[in-house]
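Below is one structure, written out as structure tokens, with a few remarks after it.
Residue numbers (the working numbering): 89 to 601.
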């Protein structure tokens with residue numbers, strides 16, 4: 089496997105090569121500080137942050153040239169080059185300090201941007217230039233267009249499995265905690281993926297404070313922390329794991345396929361060692377109301393990993409480039425939290441407008457391109473479950489091999505499936521009445537009904553009995569609701585026939601047996 093240099097490895101190289109501005113994207117300032125110290129060698133280190141102005145990076149002693157601690161004043165003092173020679177200038181708390189999209193007309197921000205550009209050009213000057221590097225440390229990347237060619241962005245990588253294992257090992261050693269069972273420690277390492285070093289240490293400390301040792305409850309604390317990440321990011325939604333495979337009536341081929349993938353996810357390390365390819369995901373297409381979304385929800389519970397829902401509406405931003413940045417953020421978050429199930433609902437609506445003119449179509453096309461590239465190249469344990477009602481609206485590039493592991497077609501439920509759907513909903517609501525209900529008659533009367541139609545019929549009939557103060561639910565009560573309901577096959581007869589023919593012609597795998 090090709091080894092890509094890490095931030096730690098690249099930092100020293102970029103400094104030695106004379107790159108003028110390095111932008112380290114991270115929430116972990118302390119980790120970035122360690123890397124900067126290692127890369128500095130004999131160079132002086134200065135730090136500016138909004139709280140104390142300019143200070144010695146190592147000792148934090150003040151180096152302010154005047155009472156004005158602003159970044160603009162500090163850069164004006166440093167731009168002559170004497171104070172910056174053979175120096176690394178570390179800038180933190182940069183948000184709001186430079187002129188980015190949406191900040192036009194703010195003189196101080198524009199002044200700072202101009203000064204950074206001036207200093208960067210002096211650093212780049214071959215003869216008589218300044219021997220210095222500006223290092224910006226920030227959790228988000230906001231770069232003015234005028235600085236783009238002068239800035240090199242590096243994203244501080246989260247701990248990998250080995251590093252997480254070392255963090256856990258060091259914590260146990262420092263806190264005199266006895267060795268854990270190998271399987272439990274491996275589960276902890278997998279669960280901690282996507283969290284920073286400080287977050288891992290905080291959760292371990294909290295677990296020991298609550299339980300006195302590391303137990304199964306530690307995994308729940310990790311899950312809670314990941315839920316916080318989702319809430320704070322605002323681009324994904326974490327769905328509660330309520331539904332199970334037992335709640336799906338029929339779709340046996342699809343359920344069996346998902347169960348096989350779940351075995352891989354629950355034994356990732358062994359699967360990798362055996363040579364199993366990391367599953368990418370599944371596209372479930374077909375008739376509305378027939379269990380596609382339910383299957384996505386059940387997959388999260390079956391895999392026993394977080395279920396994340398990607399809502400394209402949340403990604404769309406009002407500023408230039410904001411939508412694309414939100415898509416990248418969503419993908420990074422899904423990969424960070426992996427192993428997880430990423431549910432993209434109504435995929436055809438998400439990427440409608442591709443290839444059409446106008447700015448809206450251009451944005452959607454770029455979002456689609458980012459998603460497509462990720463699906464093709466991803467190696468993380470983020471399993472994508474995409475659902476679609478009408479794949480004719482999807483770009484053909486998304487349907488070719490290599491994007492999804494399989495594409496399933498979900499038709500209207502057959503007789504056996506309708507029976508199971510009735511049993512599931514009746515047992516959930518009126519279990520004691522099931523033995524007195526003629527399921528064969530209900531099944532024969534619901535030809536062309538979707539699973540959602542059947543659920544609606546059961547729910548409405550139970551409500552009617554309650555309103556009339558009846559004692560129990562009967563076959564007649566349900567038949568009355570059936571006769572007052574127009575099935576999906578009546579309402580959408582022609583589109584459903586065309587859809588069924590399309591799926592048959594394309595040889596998509598049937599979700600039902």
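Beta carbons: idealized from backbone N, C-alpha and C, even for Gly. Keep in mind the model is a prediction, meaning the values are calculated, not measured.
Check	Outcome
Distance, residue 243 Cα to residue 92 Cα	Note that residue 92 scores 48 on pLDDT, short of 50, meaning its location in the model is unreliable; the coordinates nonetheless yield the value given after this. Distance between the alpha carbons of residue 92 and residue 243 is about 13 Å.
Cβ-based burial, residue 95 [other Cβ within 10 Å; buried from 16]	buried
Three-state class that DSSP yields for residue 496 in the structure shown	strand
Nearest residue (CA-CA) to residue 387, options 598, 332, 352 and 416	332
Sequence-distant residues of the same chain with beta carbon closer than 7 Å to residue 490, five excluded per side	464
Inter-residue spacing [alpha-carbon to alpha-carbon] between residue 601 and residue 389	23 Å
Residues near residue 205 by beta carbon distance below 7 Å, same chain, minus five either side	234, 235 and 238
Reduced DSSP secondary structure (H/G/I, E/B, other) of residue 447	Bear in mind that a pLDDT of 47 at residue 447, under 50, signals an unreliable position, so the model cannot answer this.
Proximal residues to residue 537 (C-beta, below 6 Å), its chain only, five neighbours per side dropped	575
Outcome for residue 571 when other beta-carbon atoms lying within 10 angstroms are tallied against a minimum of 16	exposed
Which listed residue (231, 319 and 382) has its alpha carbon closest to that of residue 422	319
C-beta atoms of residue 311 and residue 353 nearer than 9 Å	no
Classification of residue 546 by the beta-carbon crowding that lies within 10 angstroms, buried from 16 upward	buried
Inter-residue Cα distance where the pair is residue 306 and residue 288	11 Å
Span of the beta strand (DSSP E) around residue 487	Here residue 487 belongs to no beta strand (DSSP E), and DSSP marks it neither H nor E.
CA nearest to the CA of residue 151, picked from 159, 160, 158 and 141	141
Which residues DSSP lists as bridging residue 132, in chain order	175
Limits of the unbroken beta strand (DSSP E) element including residue 113	109-113
Reference residue 325, options 264, 267, 290 and 395, closest by Cα	395
9 Å Cβ cutoff met for residue 540 and residue 339	no
Assigned secondary structure, residue 150 (DSSP; H/G/I helix, E/B strand, else coil)	strand
Contacting residues, own chain, Cβ-Cβ under 6 Å from residue 415 (five flanking each side not counted)	403, 455 and 458
Distance between residue 362 and residue 182 (C-alpha atoms, nearest Å)	47 Å
Close beta carbons around residue 248, own chain, < 6 Å, minus the five adjacent residues each side	none
Residue closest to residue 106, alpha-carbon to alpha-carbon, out of 582, 207, 509 and 252	207
Residue nearest to residue 159 in terms of C-alpha spacing, selected from 187, 170 and 146	187
Alpha carbon of residue 605 to alpha carbon of residue 367, nearest angstrom	Absent from the structure is residue 605, since the part of the chain shown begins at 89 and ends at 601.
Environment of residue 477 [buried if 16+ CB atoms lie within 10 Å]	buried
9 Å Cβ cutoff met for residue 370 and residue 336	no
Closest by C-alpha distance to residue 285, when choosing among 274, 258 and 300	258
The ligand COA heavy atom lying under 8 Å from the CB of residue 472	What this structure holds is no ligand at all, so the ligand COA is not there to describe.
Cutoff 9 Å: residue 594 Cβ touching any chain C Cβ	Of the protein chains in the structure, only one exists, and it is not chain C.
Cβ pair count under 8 Å reaching 3, the segment 582-591 against the segment 520-534	no
Residue burial classification, residue 280 (beta-carbon count within 10 angstroms, cutoff 16)	buried
Touch test, the segment 250-269 against the segment 104-124, Cβ-Cβ under 8 Å, three pairs minimum	no
Start and end residues, beta strand (DSSP E) containing residue 569	Run containing residue 569: none in the beta strand (DSSP E); it sits in the alpha helix (DSSP H), 563-571.
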